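Below is one structure, written out as structure tokens; comments come after it.
In our numbering, the protein residues as written are 26 to 240.
Printed below as a string of structure tokens:
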């Protein structure tokens, strides 16, 4: 758990936004619903009172706002993926400390494309792992398969990818209000789009209050 903050703090905006919700648990609200704010503006002040009689506190609360994110999206119409052919080969080793002695599976691997999985099974005694055991390498042949998607499928995939990116960057509690495709084209086997997302998200972050103790 994070230790409680002791130094006075403001809550400031992380984005240019239009305020949709504000709750000041501690501190003085400096904006209202439908206020337009810029990145760095104070949302909830940690300074209470006036110049003659003031108190500095740790501002606490929650502020949400409408934010606009513009994305340039590029999606290929031809997809390539790897699939297993079903052919495979195994190699077995006896592991002694940091050395592995091959016991089975000699010979060249005849596959031009392959993936390998390694499994290690240490011997145990009374639930304690001993410094030796068995290791198996499973070498599997893979091949590449191509399939073509439609323009609509490419657009959907690109927009869903942008939405996932927004949620990862700005919080999974973000809410998509609207989206608008500003520009789109198909060129060189790809779909290109410029999309504007309108998102309601949490925009408050803490900022230490810097003051001169001599004043």
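Using N, Cα and C, we set each Cβ at its ideal position, and we do this for glycine too.
Small disclaimer: the values here were computed from a predicted structure and weren't measured.
Of all the options the options, which has the alpha carbon lying nearest to the alpha carbon of residue i?
i           : options            : result
residue 39  : 46, 78, 162 and 89 : 89
residue 81  : 104, 53 and 97     : 53
residue 159 : 188, 126 and 142   : 126
residue 187 : 46, 72, 95 and 66  : 95
residue 231 : 173, 172 and 71    : 71
residue 206 : 219, 212 and 195   : 219
residue 99  : 233, 32 and 209    : 209
Return the chain-ordered list of same chain residues with a C-beta closer than 6 Å to the C-beta of residue i, the five sequence neighbours on each side being excluded.
i           : result
residue 238 : With a pLDDT of only 48 at residue 238, under the threshold of 50, the placement of this residue in the model should not be trusted; the figure read from the coordinates follows. Correct list: empty, nothing qualifies.
residue 129 : 117
residue 235 : none
residue 229 : 36, 68 and 88
Quick one: what's got a C-beta closer than 7 Å to residue i's C-beta in the same chain, skipping five residues either side?
i           : result
residue 202 : 91, 223, 224 and 225
residue 121 : 157
residue 143 : 160 and 162
Along the chain, where does the alpha helix (DSSP H) containing residue i start, and where does it finish?
i           : result
residue 124 : Where residue 124 is concerned, there is no enclosing alpha helix (DSSP H), although the beta strand (DSSP E) it sits in stretches over 124-129.
residue 243 : This structure cannot settle anything about residue 243, because the visible part of the chain is limited to 26 through 240.
residue 195 : 176-195
Give a yes or no on whether the C-beta atoms belonging to residue i and residue j are separated by under 7 Å.
i           : j           : result
residue 102 : residue 214 : yes
residue 167 : residue 133 : no
residue 124 : residue 170 : no
residue 151 : residue 84  : no
Note down, in chain order, each residue of its chain lying with its Cβ closer than 8 Å to the Cβ of residue i, except the 5 sequence neighbours on either side.
i          : result
residue 60 : 43 and 44
Can you tell me where the beta strand (DSSP E) with residue i in it begins and where it stops?
i           : result
residue 66  : Unbroken run through residue 66: none, as it is neither H nor E.
residue 118 : 103-121
residue 200 : 200-212
Which term fits residue i, buried or exposed, when burial requires 16 or more other beta carbons within 10 angstroms of its beta carbon?
i           : result
residue 193 : exposed
residue 154 : exposed
residue 115 : exposed
residue 58  : exposed
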